[in-house]
Amino acid sequence: MSPQKRVKNVKAQNRISQGSNSFQTTLSAWKVKQGPSNSKNISKHGQNNPVGDYEHADDQAEDALQMAVEYFEKGPVKTSQNKDKTLEKHLKTVENVAWKNGLASEEIDVLLNIALSGKFGNAVNTRILKCMIPATVISQDSVVKAVSWLCVDKCSGSTKVLFYRWLVAMFDFIDRKEQINLLYSFFFASLQDDALCPYVCHLLYLLTKKENVKPFRVRKLLDLQAKMGMQPHLQALLSLYKFFAPALISVSLPVRKKIYFKNSENLWKMALLAVKQRNQGPSPEPLKLMLGPANVRPLKRKWNSLSIIPVLNSSSYTKECGKKEMSLSDCLNRSGSFPLEQLKSFPQLLQNIHCLELPSQMGSVLNNSLLLHYINCVRDEPVLLRFYYWLSQTLQEECIWYKVNNYEHGKEFTNFLDTIIRAECFLQEGFYSCEAFLYKSLPLWDGLCCRSQFLQLVSWIPFSSFSEVKPLLFDHLAQLFFTSTIYFKCSVLQSLKELLQNWLLWLSMDIHMKPVTNSPLETTLGGSMNSVSKLIHYVGWLSTTAMRLESNSTFLLHFILDFYEKVCDIYINYNLPLVVLFPPGIFYSALLSLDTSILNQLCFIMHRYRKNLTAAKKNELVQKTKSEFNFSSKTYQEFNHYLTSMVGCLWTSKPFGKGIYIDPEILEKTGVTEYKNSLNVIHHPSFLSYAVSFLLQGMQS
Amino acid sequence: MDSYDVPESTPSASSRPEDYFVGATPLQKRLESIRKQTSFIPTPPRRKVPQCSQLQEDVDPQKVAFLLHKQWTLYSLTPLYKFSYSNLKEYSRLLNAFIVAEKQKGLAVEVGEDFNIKVIFSTLLGMKGTQRDPEAFLVQGLILSPRLECSGTILAYCNLCLLGSSDPSTLAFQVAGTTGACHHTRILSKSQLPSENREGKVLWTGWFCCIFGDSLLETVSEDFTCLPLFLANGAESNTAIIGTWFQKTFDCYFSPLTINAFNLSWMAAMWTACKVDHYVATTEFLWSVPCSPQSLDISYAIHPEDAKALWDSIHKTPGEVTQEEVDLFMDCLYSHFHRHFKIHLSATRLVRVSTSVASAHTDGKIKILCHKYLIGVLAYLTELAVFQIE
Numbered sequence: 001m002s003p004q005k006r007v008k009n010v011k012a013q014n015r016i017s018q019g020s021n022s023f024q025t026t027l028s029a030w031k032v033k034q035g036p037s038n039s040k041n042i043s044k045h046g047q048n049n050p051v052g053d054y055e056h057a058d059d060q061a062e063d064a065l066q067m068a069v070e071y072f073e074k075g076p077v078k079t080s081q082n083k084d085k086t087l088e089k090h091l092k093t094v095e096n097v098a099w100k101n102g103l104a105s106e107e108i109d110v111l112l113n114i115a116l117s118g119k120f121g122n123a124v125n126t127r128i129l130k131c132m133i134p135a136t137v138i139s140q141d142s143v144v145k146a147v148s149w150l151c152v153d154k155c156s157g158s159t160k161v162l163f164y165r166w167l168v169a170m171f172d173f174i175d176r177k178e179q180i181n182l183l184y185s186f187f188f189a190s191l192q193d194d195a196l197c198p199y200v201c202h203l204l205y206l207l208t209k210k211e212n213v214k215p216f217r218v219r220k221l222l223d224l225q226a227k228m229g230m231q232p233h234l235q236a237l238l239s240l241y242k243f244f245a246p247a248l249i250s251v252s253l254p255v256r257k258k259i260y261f262k263n264s265e266n267l268w269k270m271a272l273l274a275v276k277q278r279n280q281g282p283s284p285e286p287l288k289l290m291l292g293p294a295n296v297r298p299l300k301r302k303w304n305s306l307s308i309i310p311v312l313n314s315s316s317y318t319k320e321c322g323k324k325e326m327s328l329s330d331c332l333n334r335s336g337s338f339p340l341e342q343l344k345s346f347p348q349l350l351q352n353i354h355c356l357e358l359p360s361q362m363g364s365v366l367n368n369s370l371l372l373h374y375i376n377c378v379r380d381e382p383v384l385l386r387f388y389y390w391l392s393q394t395l396q397e398e399c400i401w402y403k404v405n406n407y408e409h410g411k412e413f414t415n416f417l418d419t420i421i422r423a424e425c426f427l428q429e430g431f432y433s434c435e436a437f438l439y440k441s442l443p444l445w446d447g448l449c450c451r452s453q454f455l456q457l458v459s460w461i462p463f464s465s466f467s468e469v470k471p472l473l474f475d476h477l478a479q480l481f482f483t484s485t486i487y488f489k490c491s492v493l494q495s496l497k498e499l500l501q502n503w504l505l506w507l508s509m510d511i512h513m514k515p516v517t518n519s520p521l522e523t524t525l526g527g528s529m530n531s532v533s534k535l536i537h538y539v540g541w542l543s544t545t546a547m548r549l550e551s552n553s554t555f556l557l558h559f560i561l562d563f564y565e566k567v568c569d570i571y572i573n574y575n576l577p578l579v580v581l582f583p584p585g586i587f588y589s590a591l592l593s594l595d596t597s598i599l600n601q602l603c604f605i606m607h608r609y610r611k612n613l614t615a616a617k618k619n620e621l622v623q624k625t626k627s628e629f630n631f632s633s634k635t636y637q638e639f640n641h642y643l644t645s646m647v648g649c650l651w652t653s654k655p656f657g658k659g660i661y662i663d664p665e666i667l668e669k670t671g672v673t674e675y676k677n678s679l680n681v682i683h684h685p686s687f688l689s690y691a692v693s694f695l696l697q698g699m700q701s
Numbered sequence: 001m002d003s004y005d006v007p008e009s010t011p012s013a014s015s016r017p018e019d020y021f022v023g024a025t026p027l028q029k030r031l032e033s034i035r036k037q038t039s040f041i042p043t044p045p046r047r048k049v050p051q052c053s054q055l056q057e058d059v060d061p062q063k064v065a066f067l068l069h070k071q072w073t074l075y076s077l078t079p080l081y082k083f084s085y086s087n088l089k090e091y092s093r094l095l096n097a098f099i100v101a102e103k104q105k106g107l108a109v110e111v112g113e114d115f116n117i118k119v120i121f122s123t124l125l126g127m128k129g130t131q132r133d134p135e136a137f138l139v140q141g142l143i144l145s146p147r148l149e150c151s152g153t154i155l156a157y158c159n160l161c162l163l164g165s166s167d168p169s170t171l172a173f174q175v176a177g178t179t180g181a182c183h184h185t186r187i188l189s190k191s192q193l194p195s196e197n198r199e200g201k202v203l204w205t206g207w208f209c210c211i212f213g214d215s216l217l218e219t220v221s222e223d224f225t226c227l228p229l230f231l232a233n234g235a236e237s238n239t240a241i242i243g244t245w246f247q248k249t250f251d252c253y254f255s256p257l258t259i260n261a262f263n264l265s266w267m268a269a270m271w272t273a274c275k276v277d278h279y280v281a282t283t284e285f286l287w288s289v290p291c292s293p294q295s296l297d298i299s300y301a302i303h304p305e306d307a308k309a310l311w312d313s314i315h316k317t318p319g320e321v322t323q324e325e326v327d328l329f330m331d332c333l334y335s336h337f338h339r340h341f342k343i344h345l346s347a348t349r350l351v352r353v354s355t356s357v358a359s360a361h362t363d364g365k366i367k368i369l370c371h372k373y374l375i376g377v378l379a380y381l382t383e384l385a386v387f388q389i390e
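Chains as they are written, first to last, in the UniProt record's numbering: chain C, 1 to 701; chain S, 1 to 390.
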């Protein structure tokens, strides 16, 4: 290179890098800074400080690299005899270090400069470019400088292609991208080059921001499309443009297409992994938009979308269209609005909750837990209405037992219900649309298809007046309950238990958030307690009848007692003034059961009932003002009645005397001579298994 | 099985839990109404007989004529979010580009470009039951005749043809043609040739309306436009594309609106009750017997005047139709048929009703024949659509 050229070159570099002063731009300056202890400095750059024996070797390698970089920087020495050998040696050095530890950003800066300036031959340039692997990051300025070399047309076409591939592959490791984004027009102009086009498209795809999408560019791209036909890389870029400016361009991607870009990363696959590992720290995930296929499906069955739930997309024509009559508040909102695609974490949601750009189709929130949070706490009527309308209509449309002989899409419907249930569990709250859907669809339900999903939906019915819900829901459910198998009965009881729990949680939360002094609250609290107690009584009636139908099945009794395990602890666990006892049909079946665990469960429930009732009594004595929620003495009497029966049976060996009374003459007729003792703790038939195992142990020893 | 009786509740207070909700928002009102719907068939005991010509003065008779005598497929539609009547032009541009992009999958198009498909939005002024009902609007998809500047040879040929013409627009076209470059021609033809010059064939038509949709209007806020009834005429694939665009843009939901036999018999009774000056079609019913090996259809045609006479003999309350009257009307038809053919029609399924006023098929197809009762027919359909989306 002639001296004049060199000067010009440096000038050019300076001009380009004027914008930022963060990095050294010429090699000479860098060398001065490095000074005598350059090896130490470089190893600092490398972040992975070698330890022990390797240190020395690494130092040597760094020195060699230093020499190599200097060699390349000076340019090929014409007179040297063994020029090829030296070149090869230095190239090898650079390659080795690059693939092993990566190069510092300053080294990349220099080498990139050399590769694109065309000082060496094409083969050398290619080799240098291929080993431009950063230790951690690449400086933005190096890239800008490199791009400036492309303008002067010093390098061959293949080098350019390689450079763009390198740029795409290393895009995530460039420290900042503002300056590069300023070169958007330059890259855009490079689209003209047929060989470069695919890679430039990819680069632009990574680089494009909303403000880059301009009408003239749209037109240019469309012209390119007209010239080149349907190219996947162009399609991808166009669809991104459409995403940002739906009012300018429209495109629909084919359904099956999955890959839009030639893989630029192939050459550096291993190296990229290594760099990522070196960087370790939480590098911000680059924003890459998903290229979803078009959502239209001209099929008879369903033309709504590929999947039932729409794709999350915040672009909305409505906003663009209303531009002419935009009010001031809209203007303010627009400037600060936060695009949904960037919403990745809960803190982000909290910071931007006031200016969130809502999805164009509200149904898409179902797949996004962050937006579910938003839906849950927002009191914005339109947002909720949009969601509920969508959900009700989709449920109605998809529900398979509405359509005769249309069970082929059952799996899809099941999955959809699962998604809804997951969302409800996540929010710990039921959707009103699901409630309405249950009311409409339960009378038509066969009790078989999607059983578990359907019963789970039942358990998420929002709290409401029991007497209103009963004719809509429970009466239909009861019909199925009595006519189905024992397993169905058990699952219904299970879901009713969950329903009770959800109602209790909701009530306990809601009551304690409001001031107690509020007088109308007390009456309404009474109302809600009334509703809950009606539910419990209803389940009691269901269980008693079911026990008779299933001839006192132990399995069923387990589920019934599970329900009452929730019921007996309402006062203490949920701090709600309600104690409802079980019906005699359940109590005596459990007491006289032949299963140990049932009796055990019964004793536990009685124990908890006692705790709750004594706590309630204590509270009554302490504060006499809240007389409204005093339990009637009937509850206590009932409990005492059960307790005396239990004690008489298990402990004092006087069954059927107190509590439940059976005429001794009838008992005589049964022919059991020792009926008095036969139900106490020692002789109770349900403990037989324990007795047997005790005996067996004794015999062995 | 013993009956379930409500036990005495333990707590003494007994107020309804709804009072618990603070303030009744539209959403909650809607939910309350859902809870109160004990049955899932809409059975208001009585409805009005469609009154003749409620159409307001400012309805374009040409447009009304356009809506008649066509077979429409019915859809129900949830309220449109942020729809604005002042942006119809913009919507047509966007929808136009969307359709073209969908038709040529993978090929991007510029919004506002001239395509061989054109979409026009227009309002149907006055097509409403009450003042509160939002304005109905019509969407038409036209396919335009092939563009002339497609290739040089055709262009030259056109030039020859048009030389004698004195129409200034064709002159402009000639000038453009001689420049030879396609996109130049396009720009010129766009700016100087009025689009009406290019003959359009209607490919697809759809319209949105709301007639007496009060029950729905009450439950939504002003951000929404309630047009619960959507009627489409054209290929299903086109309806799919256009429907998808609406769903994406206004966050609404289309679902096919089918008419069950119960509602069909209501239609039969109400339409028979209408006074028509001259009958254009016989009153005809179609039943299908679902279970036979070969599906069997029974068609039953009655002279419209006989049907009217039958109705008049049943009808008691003037201006209204009640459930008993509808049942009685159908029972009379059944017993008459049974007397002659010994077939119990009540055991089959009613699938189609056609009268001089309109005809309806259970699949959700409707054809309106009588101009006078257009609004009346639409009011009932709106009611069905509102029921479906509630």
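Beta carbons are placed, not taken as given, at the ideal position from N, Cα and C, and that holds for glycine.
Amino acids of chain C, ordered along the chain, whose beta-carbon sits closer than 7 Å to that of residue i
i	result
threonine 78 of chain S	Tyr389 and Gln393
serine 221 of chain S	Glu381 and Pro382
Amino acids of chain C, ordered along the chain, whose beta-carbon sits closer than 8 Å to that of residue i
i	result
lysine 118 of chain S	Chain C residues near lysine 118 of chain S: none, gap ~15 Å exceeds 8 Å.
isoleucine 314 of chain S	Result: empty, since nearest Cβ-Cβ is about 31 Å, beyond 8 Å.
Start and end residues, beta strand (DSSP E) containing residue i
i	result
glutamate 320 of chain S	320 to 322
Limits of the unbroken alpha helix (DSSP H) element including residue i
i	result
glutamate 95 of chain C	83 to 101
Beta-carbon proximity check, residue i vs residue j, cutoff 9 Å
i	j	result
tyrosine 164 of chain C	leucine 224 of chain C	no
histidine 69 of chain S	leucine 369 of chain S	yes
leucine 473 of chain C	tyrosine 439 of chain C	yes
methionine 330 of chain S	alanine 268 of chain S	yes
Contacts that residue i makes with chain S (C-beta to C-beta distance below 9 Å)
i	result
glutamate 397 of chain C	Tyr253, Ser255 and Pro256
DSSP-derived helix/strand/coil call for residue i
i	result
cysteine 274 of chain S	coil
isoleucine 143 of chain S	strand
tyrosine 245 of chain C	The residue you asked about is not tyrosine; residue 245 of chain C is alanine in the sequence shown. Alanine 245 of chain C: coil per DSSP, three-state reduction.
threonine 205 of chain S	strand
valine 351 of chain S	strand
glycine 200 of chain S	strand
valine 175 of chain S	Low per-residue confidence applies at valine 175 of chain S: pLDDT is 34, beneath 50, and the placement is therefore not dependable, though the value from the model is reported in the following sentence. Of the three classes helix, strand and coil, the one that applies to valine 175 of chain S here is helix, per DSSP.
histidine 344 of chain S	coil
Within chain B, partners of residue i - CB distance below 7 Å
i	result
alanine 247 of chain C	Chain labels in this structure do not include chain B; the protein chains are C and S.
Residue-chain proximity (residue i, chain C), Cβ-Cβ < 9 Å
i	result
glycine 106 of chain S	yes
lysine 365 of chain S	no
lysine 342 of chain S	no
glutamate 90 of chain S	yes
glutamine 388 of chain S	yes
Any C-beta of chain S under 9 Å from that of residue i
i	result
methionine 228 of chain C	no
proline 254 of chain C	yes
serine 589 of chain C	no
serine 360 of chain C	yes
Partners in chain C for residue i, counting only beta-carbon separations shorter than 9 Å
i	result
glutamine 131 of chain S	None at all; the shortest Cβ gap to chain C is about 23 Å.
Amino acids of chain S, ordered along the chain, whose beta-carbon sits closer than 8 Å to that of residue i
i	result
valine 251 of chain C	Ala101, Gly106, Leu107, Ala108 and Val109
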